[in-house]
Amino acid sequence: MKIRRYMAKNTQEAILKVKMDLGSEALILNTRKVRKKGLLGLFSKPMTEVLAAVDEYNPPGYYSGNTGKVSEAGNGQKNAQFEYSGSNQSSVSNHASISDEKEGKIANLENKITSIEEVLRKLCAQVMDEEKPAGRIAGDEQKIRKDSVTEVFYSNLVKNEVDPEIARKIVNAAATRLNTSSGVNDMAAHLSGIITGLLGKPETIRDSNNGRPVTVIFVGPTGVGKTTTLAKIAANYLLNRKKTVGLITADTYRIAAVEQLKTYAEILGIPVSVVYTPAEMKEAVNSHSDKDLILIDTAGRSHKNKAQFEELKALITASGADEVYLVLSATTSLRNCREILNSYSFLKDYKLLFTKTDETPVLGIILNVRYMTGKSLSYITTGQSVPDDIETANIEKITKNLMGSCTG
Ligand SMILES: Nc1nc2c(ncn2[C@@H]2O[C@H](COP(=O)(O)OP(=O)(O)O)[C@@H](O)[C@H]2O)c(=O)[nH]1
Ligand SMILES: [Mg+2]
162 MKIRRYMAKN
172 TQEAILKVKM
182 DLGSEALILN
192 TRKVRKKGLL
202 GLFSKPMTEV
212 LAAVDEYNPP
222 GYYSGNTGKV
232 SEAGNGQKNA
242 QFEYSGSNQS
252 SVSNHASISD
262 EKEGKIANLE
272 NKITSIEEVL
282 RKLCAQVMDE
292 EKPAGRIAGD
302 EQKIRKDSVT
312 EVFYSNLVKN
322 EVDPEIARKI
332 VNAAATRLNT
342 SSGVNDMAAH
352 LSGIITGLLG
362 KPETIRDSNN
372 GRPVTVIFVG
382 PTGVGKTTTL
392 AKIAANYLLN
402 RKKTVGLITA
412 DTYRIAAVEQ
422 LKTYAEILGI
432 PVSVVYTPAE
442 MKEAVNSHSD
452 KDLILIDTAG
462 RSHKNKAQFE
472 ELKALITASG
482 ADEVYLVLSA
492 TTSLRNCREI
502 LNSYSFLKDY
512 KLLFTKTDET
522 PVLGIILNVR
532 YMTGKSLSYI
542 TTGQSVPDDI
552 ETANIEKITK
562 NLMGSCTG
């Protein structure tokens with residue numbers, strides 16, 4: 162990206178300078194009125210300053226006249242070429258006589274001069290005619306503005322399903338940090354810093370520091386992957402960290418759910434307790450007091466059934482859990498997520514755990530939910546495979562995903 166600053170009497174003239182210098186593909190990054198510095202500046206007419214950018218790797222734009230084409234070289238050096246293809250163009254062959262060759266060259270030059278005159282005449286007319294709205298220039302300016310760097314980043318965030326309101330706030334915050342000499346890289350850096358800050362530092366299960374087990378409970382809608390995630394964490398603590406783990410399930414709505422956890426427990430060779438009531442929950446937690454980690458599975462609740470949420474609340478309280486993880490699928494729509502968050506709003510302190518990031522190319526929901534709840538991110542799951550498909554949320558990776566163009 163090549164960035165240049167232009168000063169002119171008014172915006173029209175400045176845009177013209179930009180187009181003549183950088184071509185019609187140039188992006189207008191900023192336009193502002195400036196006065197000369199010092200006391201004299203108070204009495205002078207303000208000038209228009211335009212900051213423009215052009216992608217060095219893209220073919221530059223050109224200004225077309227009737228018969229000629231002026232183009233600018235990609236290396237930033239002015240390199241005017243005139244290609245003439247009119248029907249009266251003389252062809253020069255090795256066999257032509259010297260005078261024929263000269264005549265041909267003269268005719269060619271004459272044509273080129275005519276085309277330059279035509280281009281200059283048009284340019285002058287546009288620059289001089291200040292009062293008349295220069296439709297073409299104004300239109301171009303508008304287009305350039307629309308396609309400006311800020312809008313590209315905004316549109317990428319929205320394409321990645323960041324809530325448009327949040328995306329606008331982020332982009333505006335990044336834009337206010339720019340100054341006149343900032344370029345697209347600065348914008349990207351500011352944006353990345355803001356998103357990283359918003360996503361925050363992920364917090365995973367803390368280690369016990371009092372000799373008692375750390376008790377962790379997983380809640381969230383049915384089918385998001387609570388049980389699978391719990392099994393992944395159990396296996397990692399057991400196999401990689403050599404910790405002792407106890408499992409409890411309160412998901413007694415379905416026989417299959419109990420069997421699912423029992424199967425994982427059997428494979429891992431760890432005990433599992435099945436509880437139906439808050440009193441049994443207390444007992445089960447006590448029975449695992451010799452473990453390093455207790456993982457508790459729960460059933461998903463229907464957001465229409467308030468009684469079920471009361472039950473869940475009682476189970477959480479009885480467990481005395483040190484940490485609560487609200488498990489959400491990254492494939493959930495923002496609308497559904499809002500409803501889910503509403504249903505679980507009785508939770509005071511919890512962390513966000515996103516599953517199925519492998520099933521969606523866009524991760525906007527992660528930023529949206531983090532922004533709406535202010536709760537910490539924790540783990541991300543990336544597939545069905547136990548125990549491998551789980552990692553601590555990688556903020557850099559998520560930020561890149563959110564800023565990138567998913568449609569290419
Ligand atoms: N693609 C994908 N599937 C997952 C992931 N986590 C869980 N699943 C699948 O989602 C389905 C429901 O998982 P389960 O743990 O039973 O959900 P629960 O009802 O919340 O306990 C199962 O088929 C899992 O294999 C993940 O990260 N990616
Ligand atoms: Mg389950």
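Going by the numbering used here, the residue at position 313 of the sequence shown is 474; the numbering climbs one at a time, nothing skipped. Using N, Cα and C, we set each Cβ at its ideal position, and we do this for glycine too.
Compare the Cα-Cα distances from residue i to each of the options and report the closest residue.
i: residue 565; options: 350, 208 and 184; result: 350
i: residue 562; options: 522, 448 and 274; result: 522
i: residue 396; options: 560, 460, 551 and 215; result: 551
i: residue 545; options: 382, 386 and 344; result: 386
i: residue 465; options: 497, 436, 486 and 339; result: 497
i: residue 360; options: 319, 536 and 343; result: 536
i: residue 136; options: 273, 362, 520 and 478; result: There is no way to answer for residue 136, as the model of the chain reaches only from 162 to 569.
i: residue 393; options: 342, 265, 174 and 429; result: 429
i: residue 338; options: 311, 319 and 362; result: 311
i: residue 318; options: 403, 542, 526 and 543; result: 526
i: residue 427; options: 499, 172 and 407; result: 407
i: residue 421; options: 327, 560, 547 and 185; result: 547
i: residue 327; options: 543, 559, 542 and 530; result: 530
i: residue 340; options: 520, 213, 506 and 173; result: 213
i: residue 520; options: 559, 542 and 423; result: 542
i: residue 482; options: 447, 499, 362 and 559; result: 447
Less than 8 angstroms between the CB atoms is what I'm expecting for residue i and residue j, so what's the real figure, rounded?
i: residue 540; j: residue 554; result: 7 angstroms
i: residue 502; j: residue 534; result: 6 angstroms
i: residue 209; j: residue 169; result: 5 angstroms
i: residue 457; j: residue 411; result: 7 angstroms
i: residue 207; j: residue 215; result: That belief does not hold up - the Cβ atoms of residue 207 and residue 215 are roughly 26 angstroms apart, past 8 angstroms.
i: residue 314; j: residue 270; result: About 47 angstroms separates the two Cβ atoms, so there is no contact after all.
Could you check whether residue j and residue i sit closer than 9 angstroms to each other, using their CB atoms as the reference points?
i: residue 399; j: residue 431; result: yes
i: residue 376; j: residue 480; result: yes
i: residue 211; j: residue 176; result: yes
i: residue 495; j: residue 324; result: yes
i: residue 321; j: residue 538; result: no
i: residue 378; j: residue 528; result: no
i: residue 418; j: residue 388; result: yes
i: residue 380; j: residue 459; result: yes
i: residue 409; j: residue 445; result: yes
i: residue 472; j: residue 511; result: no
i: residue 190; j: residue 344; result: yes
i: residue 373; j: residue 450; result: yes
i: residue 405; j: residue 436; result: no
State the Cα-Cα distance for the pair residue i and residue j, rounded to the nearest angstrom.
i: residue 557; j: residue 316; result: 20 angstroms
i: residue 187; j: residue 357; result: 30 angstroms
i: residue 433; j: residue 425; result: 10 angstroms
i: residue 453; j: residue 463; result: 32 angstroms
i: residue 296; j: residue 193; result: With a pLDDT of only 49 at residue 296, under the threshold of 50, the placement of this residue in the model should not be trusted; the figure read from the coordinates follows. Rounded to the nearest angstrom, the two C-alpha atoms are 21 angstroms apart.
i: residue 167; j: residue 347; result: 20 angstroms
i: residue 384; j: residue 461; result: 8 angstroms
i: residue 106; j: residue 401; result: Given that the chain is displayed from residue 162 to residue 569, the structure contains no residue 106 and the question cannot be resolved.
i: residue 549; j: residue 440; result: 34 angstroms
i: residue 266; j: residue 274; result: 12 angstroms
i: residue 585; j: residue 382; result: The requested residue 585 is not part of the displayed model; the chain covers only 162 to 569.
i: residue 262; j: residue 181; result: 33 angstroms
i: residue 264; j: residue 272; result: 12 angstroms
i: residue 178; j: residue 171; result: 11 angstroms
i: residue 442; j: residue 468; result: 18 angstroms
i: residue 185; j: residue 342; result: 21 angstroms
i: residue 173; j: residue 560; result: 38 angstroms
i: residue 371; j: residue 499; result: 37 angstroms
i: residue 506; j: residue 362; result: 22 angstroms
Can we count residue i as close to ligand 4, meaning its CB is less than 8 angstroms from some heavy atom?
i: residue 396; result: Absent from the structure shown: ligand 4. Ligands present: ligand 1 and ligand 2.
Does any residue of chain D have a CB that is nearer than 9 angstroms to the CB of residue i?
i: residue 498; result: This model lacks chain D altogether; it includes just one protein chain.
- Query: Is it true that the segment 506-516 meets the segment 477-495, where meeting means three or more beta-carbon pairs spaced less than 8 angstroms apart?
  - Reply: They touch, by the three-pair rule.
- Task: Flag this pair as touching only if the segment 364-384 and the segment 331-346 have three or more C-beta atom pairs under 8 angstroms; answer yes or no.
- Result: No, because fewer than three Cβ pairs between the segment 364-384 and the segment 331-346 fall closer than 8 angstroms, the two stretches do not touch.
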